[in-house]
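Numbering (UniProt numbering), first residue to last: 1 to 137.
Glycine residues also receive a C-beta, built at the ideal position from the N, C-alpha and C atoms.
Here's the structure, in structure tokens; my notes come after.
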Amino acid sequence: MQDCIFCKIVRGELPSIKVYEDTHVLAFMDIEPVAVGHVLVIPKEHAKNLYDASEESMTRAFRVAHRIGPSVANAVGAEGFHLTMNNGEAAWQTVFHPHLHILPRYQGDHHDPWKKQDRSREELAADAQKIQTVLDN
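Okay, structure coming up:
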């Protein structure tokens with residue numbers, strides 16, 4: 001896509017600090033990091049988000065994230081990392097091209113993205129059934 005900022009990075013029209021690149025995937029430093037070592041992993045094939053991306057392109061991106069994540073954590077002395085992906089405006093997606101965030105984490109860094117909701121086992125089972133129904137279609 002012509003106006004996509006990540007496509008422009010892939011085409012070399014905008015600069016990036018590359019961590020990894022192959023024929024199908026690019027990983028680069030986030031220019032607005034929320035943690036030291038914040039890396040983005042993107043498929044080079046354009047899509048709006050995970051919903052529109054091909055399974056093949058996302059499989060490749062996840063394989064690269066699987067390889068890079070531990071290296072990022074080790075390189076910056078992190079004790080772990082989050083691998084996250086935002087899909088849709090409601091999920092805070094701001095660049096509409098699939099991308100995985102590798103976010104290094106440290107004990108005691110006080111970052112808690114998981115606000116827990118009270119759900120009974122019955123409600124969880126009902127949720128699972130709804131998801132399975134959609135998966136089966």
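Between the alpha carbons of residue i and residue j, how many angstroms are there, rounded?
i	j	result
aspartate 22	threonine 94	25 Å
glutamate 55	arginine 121	31 Å
alanine 73	leucine 103	8 Å
aspartate 3	glycine 108	40 Å
histidine 66	valine 10	21 Å
phenylalanine 28	valine 64	12 Å
glutamate 123	serine 71	39 Å
threonine 133	aspartate 127	10 Å
arginine 119	valine 76	37 Å
histidine 110	isoleucine 31	22 Å
proline 33	histidine 82	13 Å
Quick one: residues in its chain with C-beta nearer than 7 Å to the C-beta of residue i, no 5 flanking neighbours on either side, listed in chain order?
i	result
asparagine 49	Asn87, Gly88, Gln93, Phe96, Pro98
proline 43	His24, Val25, Ala53, Ser57, Met58, Arg60, Ala61, Pro98
alanine 78	Gly37, Pro104, Arg105, Tyr106
serine 16	Ile9, Phe28
alanine 125	none
valine 19	Ala27, Phe28, Met29, Val39, Ile68
Considering only C-alpha positions, which residue in the set the options is nearest to residue i?
i	options	result
histidine 38	Arg63, Gly69, Gly12	Gly69
glycine 80	Ala35, Gly12, Arg119	Ala35
alanine 47	His110, Ala128, Met1, Ile31	Met1
Pull the bridge partners of residue i from the DSSP assignment, please.
i	result
threonine 84	His101
valine 28	Inspection of the sequence shows that residue 28 is occupied by phenylalanine rather than by valine. Lys18, Leu40.
Which residues in the same chain have their Cβ closer than 8 Å to the Cβ of residue i, if we skip the five residues on either side of it in sequence?
i	result
leucine 14	Ile5, Lys8
glutamate 45	His24, Ala53, Ser54, Ser57
CB-CB under 6 Å to residue i, same chain, minus the five flanking residues each way: which ones, in chain order?
i	result
lysine 130	none
valine 41	Ala27, Ala61, Val64, Ala65, Leu100
residue 145	Any property of residue 145 remains undetermined from this structure, which presents the chain solely from 1 to 137.
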